[in-house]
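Enquirer: I'd like to ask you about the structure that follows.
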Amino acid sequence: MLLAPLLPSCTCQRSENVDAKKRMSEPPPPDPSVRAASEQLAIDDLTDAKVLDRVMRMEGGEIAARLKSFAFTAEGNLTFGRGEQPAMRSAEKTRVVQGLARADGSDGDFAVEVVTGDGSEQRLAYVNEIFFLKNNNGKWRMSRDPDGERHAYRSDGLAVWKSFYDLFKHALTVEKIGDGRQDGREVVKYRLTVPDRGAQARAMGAKEPPLPVGPDGGPAEEPAEVTRKRMRDRMAKWRERAKPAGGAGELWIDVETAVPSYLRFDGKLVVGDAPDPAQLAVKLEQRFSEIGKNHQVPMPKDAIEEVRRQKMPVRVREMLEEGGAVEPLPRDAGPGGAASKVGATKGGASTGSAASGGGKQQSKPGELPDDPPDEAPVGPGNDPE
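For the sequence shown, the positions run 242 to 626 when this note's numbering is used.
Next comes the structure, spelled out in structure tokens:
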């Protein structure tokens, strides 16, 4: 008993507990996108490959943090062919609307819409911290998005040029044109050019064995594993065998934010992977506009609500007894002093303890207390009712 007064003053704690309490009392770490957006970039010197790469590879979160709010549009076309074979064509239109950040600094509302040349459509919206997604003619579906999936969709929507940039950057030449204005904002303008080295790729392809051809003149049939291996081997050579076949464009950088506010590019690649080399043509135009304005993103009205269902009762045995599936077990007298039967019996209703005046029934040793029936949201991966 003599030690009792001394116990409250004992400060002996494990070091990991002390560290944990310290972390809990500290403010949360800054958002990586916000931290990246605070970096000053030398936009007057995009001839530096590292600076150019940094500007071209901005993620969607950083762009939103730098511009605050914006409207973005992009239209790209890609054509891939080989010799006389019919070319494959792909077209895509993208629109992104980003609203202002909230008062607490969290991400503002935004919407993304992507439409491809074959008519496929994907739309998403992040409104009031709820994530909505819709594919083609399907219904809007909503989620609290605990994994932050919305950020990946937004980054993909803003990364149309980045995928093409990876193909051409090894041969891309950037030349400063001068200063200008876009929508009243100061910009630095650059010219983009790509040399024509297609002859080098064709010379490399001439040394490769011809691709197998079937009786109909198309690709020859072969085991799937053989085809996969051949494609893997060929793709592994593309980086070193892909040569630019000419290209030109223009790039504008917003002075205040260092974001590429406008880009136009038209270029070609030749891949010397076979005597009949592959050819890739790219055409793209994209722009940011209405920067800093208070964009409103409407909430979809026909979204499917989150699926909810009743929690399972805690006392499964009593549920089975009530349904007559098993024989009732004898009940001991509860704390109130009178025996009571838990759950409804055939022909009668459940009763509380007589001594307790019909109050809430007490739990037996080893039993959990009754939970009131309520509803809980079903997380991702759970089946609906």
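C-beta: ideal position from N, C-alpha, C; glycine also.
For F313 and L399, which I take to be in contact (beta-carbon distance under 8 Å), what is that distance rounded to the nearest angstrom?
Expert: With a Cβ gap of about 6 Å, F313 and L399 count as contacting.
Enquirer: Pick helix, strand or coil for N258, following the three-state DSSP scheme.
Expert: Three-state result, N258: helix.
Enquirer: By a C-beta neighbour count over all protein chains shown, 10 Å radius and 16 as the cutoff for buried, is V368 buried or exposed?
Expert: Flag for V368 reads buried.
Enquirer: Quick check: the region 438-451 against the region 501-521, are there 3 or more CB pairs under 8 Å?
Expert: In short, these stretches touch, since the Cβ pair count reaches three.
Enquirer: Relative to the C-alpha of E316, which residue among F405, S256, A461 and A440 is closest?
Expert: E316 has its Cα closest to that of F405, out of F405, S256, A461 and A440.
Enquirer: In or out: D289 buried (at least 16 other Cβ within 10 Å) or exposed?
Expert: Exposed.
Enquirer: Between the C-alpha atoms of F372 and A440, what's the straight-line distance to the nearest angstrom?
Expert: So the two alpha carbons sit approximately 49 Å from each other.
Enquirer: When you compare only the Cα positions, how much space is there between R391 and L282?
Expert: Going from the Cα of R391 to the Cα of L282 covers about 27 Å.
Enquirer: Are I494 and I284 closer than 7 Å when you measure CB to CB?
Expert: Taking 7 Å as the Cβ cut-off, I494 and I284 qualify as a contacting pair.
Enquirer: Using the three-state DSSP reduction, which class does R201 fall into: helix, strand or coil?
Expert: Missing from the structure shown is residue 201; the chain here goes from 242 to 626 and no further.
Enquirer: Could you give the residue range of the alpha helix (DSSP H) that holds E303?
Expert: G301 to L308 is the span of the alpha helix (DSSP H), which, as asked, contains E303.
Enquirer: Between the beta-carbon of G487 and the beta-carbon of D437, is there less than 7 Å?
Expert: Yes, the Cβ-Cβ distance between G487 and D437 is below 7 Å.
Enquirer: If distances are taken between C-alpha atoms only, which option among Q423, H411, A352 and D420 comes closest to D397?
Expert: Ranking the options by Cα distance to D397, first place goes to A352.
Enquirer: Just how far apart, CA to CA, sit V355 and A342?
Expert: So the alpha carbons of these two residues sit roughly 23 Å apart.
Enquirer: Does DSSP put T314 in a helix, in a strand, or in coil?
Expert: DSSP places T314 in strand when its eight states are reduced to three.
Enquirer: Would L525 and F321 be called neighbours here (beta carbons separated by less than 7 Å)?
Expert: Not closer than 7 Å, so no.
Enquirer: Would you be able to state if there are at least three C-beta pairs under 8 Å between the region 273-282 and the region 462-474?
Expert: No, the region 462-474 is not in contact with the region 273-282.
Enquirer: Among the residues of its own chain, which have a CB less than 6 Å from the CB of L374, if the five just before and after it don't count?
Expert: Result list for L374: L365 and R382, in chain order.
Enquirer: What are the boundary residues of the alpha helix (DSSP H) that P273 is part of?
Expert: P273 -> alpha helix (DSSP H) spans P273 to A278.
Enquirer: Give me the residue from A461, R443 and R505 with the minimum Cα distance to E481.
Expert: With distances taken between Cα atoms, E481 lies closest to R443.
Enquirer: Taking the beta strand (DSSP E) that V292 falls in, what are its first and last residues?
Expert: Element bounds for V292: not the beta strand (DSSP E) but the alpha helix (DSSP H), A290 to M297.
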